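For the sequence shown, the working numbering assigns the number 954 to the initial residue and increments by one for each residue that follows.
Taking it in order: structure first as C-alpha cells, then the write-up.
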Amino acid sequence: MKFVDEAFIDIAAGDGGNGCVSFRHEKYKEFGGPDGGDGGRGGHVFAVADPNLNTLVDFRFSRRHDAKRGEHGKGSDMFGAAGSDITLKMPVGTIISDANTGEQLYELLTPGEVITIAKGGDGGFGNLRFKSAINRAPRQKTPGWPGERKNLKLELKVLADVGLLGMPNAGKSTFIAAVSNARPKIADYPFTTLYPNLGVVRVGPEQSFVVADIPGLIEGASEGAGLGHQFLRHLQRTRLLLHVVDMAPFDDAVDPVAQAKAIVAELKKYDEGLHGKPRWLVLNKLDMVPAEERAVRVKDFVKRFKWKGPVYEISALTREGCDPLVKAIFQHVHAEQLAQNAPAEVDPRFAGEHGQD
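Here it is, written out as C-alpha cells:
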C-alpha cells in the first residue's frame, strides 16, 4: 500500500434542532400555558491522536465526515436530544490546517489527545423560554444554529524515530528490509522508492523503534528537483538521521564524497534545524569492496568528507555490521525519549514549599 502523508477532508458538525411552539392541552385547564422545548445541540466533530496509526491513508477513501443534527424540541416541555458526535482517529503528529487559507489550526502531538475540530450548533429556543408575566402565551421560537463546516488539510510530519538520508540507490531500502519488518520495493535503478517506507525495528522484548526510508535526495532537491524534497519535512521531528552512502557505485566516475557533500548541502538549504539534528554516517555496500581495500577506502572517505561524527561500516545486503548499528540506534533513541519525558527540575529554593503541599 502506498504511503499517504497528506489528505484533504470536508467536515460538518451537526446543526442544532429547532425550538418548538406548543401549549398545554389538559382537561379542565383551558389556558395551560406554553410547553414547547428547546432543540438539541448538533453533534461535534472530534479528532483523537491514535498511536496505532502511522498513515493518513484512510482519509483518502473517506473524505466527507458529517455529525448528526440535534433533534427538534417537542411539546410537554420535551427538549430535543443532542446529535451524535463523531471522532476521527489520526496518527500522532498530524497537523490540521485550513485547506482554503493554509492557516494551521491544530497539531496532535500527544497519544490519546482529543481536540474539537468542529462544534455543533446550539439548539433553538422553544416558546417556553419566552414566557413572562406580560407574555403568557408566547408564539416565538428560534431555529437551531448551524454547525461549523470546514475544509481541512491533514499533513503527517512524524514518520519515525530514525530517518534515512542518501542518494538514490544508496541502499536505504535494502537496509530497512534487512533490519525491520518493512518490505520496500528494491531494484537496481534510481528512484525505486516513490513513497516513504516505514519499518518497525525490534531490538528485544518491548524494545523497538520506527525507521523511515525517505525517497533519495539529489542535488537541487531543496528547490524541488527529484522526489526527496516532497518528504524532507517529514524528517524534521525524527530523533536521528542516518546518512547512507554507497561505497561501491556502478559508475567509477561517481565520487561518493561529492555525493555525500551534495546531500548535506541540500539538507542545510532546506532547513538549518534539520541540518543540526544528530546525524550518523553509514557506509554501505562494503561487501562489494575487496577486503584488502576496505580500511583504506573508508579512511580516505572520512578524511575527504571531513567527518567527525559516528561512522558505521555495513553491508545491508549481507547484513554485515547491521546488528551493532541497530543496537546503537536504539540506545540513542531510548535516551532521547527518556530525556524528553523527564520531569521538570524543581528549583531547590522552592523545594521546601512543594514538599509542604
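Backbone N, C-alpha and C fix where the C-beta goes; we use that ideal spot for every residue, glycine too.
These numbers were taken from a predicted model, which means no experiment stands behind them.
Paired residues, beta bridge with E1273 - DSSP: S1268
Beta-bridge pairing of Q1057 - partner residues as DSSP gives them: S1050
Local conformation of G1262 per DSSP, three classes: Looking at G1262 - three-state DSSP - the assignment turns out to be coil, as it is neither helix nor strand.
Assumed close pair G969, G996 - CB separation to whole angstroms, cut-off 8 angstroms: That belief does not hold up - the Cβ atoms of G969 and G996 are roughly 10 angstroms apart, past 8 angstroms.
Residues sharing a beta bridge with F976, DSSP: P987
Of the residues K1042, T1095, A966, L1291, the one placed nearest N1104, counting alpha carbons only: A966
Given K1259 as reference, the closest of V1242, L1270, H1287, A1211 once Cα atoms are compared: A1211
Whether A1020 touches A1071 by CB criterion (9 angstroms): yes
Beta-carbon proximity check, R1017 vs I1068, cutoff 9 angstroms: Cβ distance not < 9 angstroms, so R1017 and I1068 don't count as in contact.
Residues of its chain near G1173, where Cβ-Cβ distance is below 6 angstroms and the 5 sequence neighbours each way are ignored: Any reading at G1173 needs caution, since the residue's pLDDT is 48, under 50, leaving its predicted position unreliable; the model's value is listed next. Cβ neighbours of G1173 beyond the five flanking positions: none.
Proximity below 9 angstroms, CB of N1080 to CB of G989: Going by C-beta atoms, N1080 is nearer than 9 angstroms to G989.
Separation of L1009 from S1015, as counted between CA atoms: 11 angstroms
Sheet register partners of W1233 (DSSP bridge): L1195
DSSP-derived helix/strand/coil call for E1225: DSSP places E1225 in helix when its eight states are reduced to three.
Distance between G985 and K1084 (C-alpha atoms, nearest Å): 12 angstroms
Which of helix, strand or coil DSSP assigns to R1082: helix
Same chain, Cβ closer than 8 angstroms to E959, neighbours up to 5 away in sequence not counted: Excluding residues up to 5 positions away in sequence, L1009, K1106, L1107, E1108, L1109 lie with their Cβ nearer than 8 angstroms to the Cβ of E959 in the same chain.
Whole-angstrom distance between L1117 and Y1265, CA atom to CA atom: 14 angstroms
Whole-Å CB distance - D1114 paired with T1191, under 8 angstroms assumed: 6 angstroms
Neighbour flag for I1070 against chain D, beta carbons, 9 angstroms: Although the question refers to chain D, the structure presented lacks it and comprises just one protein chain.
Stretch-stretch touch, CB-based, cutoff 8 angstroms, three pairs: the stretch 1240-1259 with the stretch 1208-1227: yes
Top-ranked residue by Cα proximity to K1261, from L1234, K1280, L1058, V1242: With distances taken between Cα atoms, K1261 lies closest to L1234.
Spatial distance of D1141 from R1102 (CA atoms): With a pLDDT of only 45 at D1141, under 50, the local geometry of the prediction cannot be trusted, and the value read off the model is given with reservation. Distance between the alpha carbons of D1141 and R1102 is about 48 angstroms.
Beta-carbon spacing of D1038, F1012 below 9 angstroms: no
C-alpha distance - I1267 paired with K1238, whole-angstrom precision: About 7 angstroms.
CB contact flag (H1285, P1243, <9 angstroms): no
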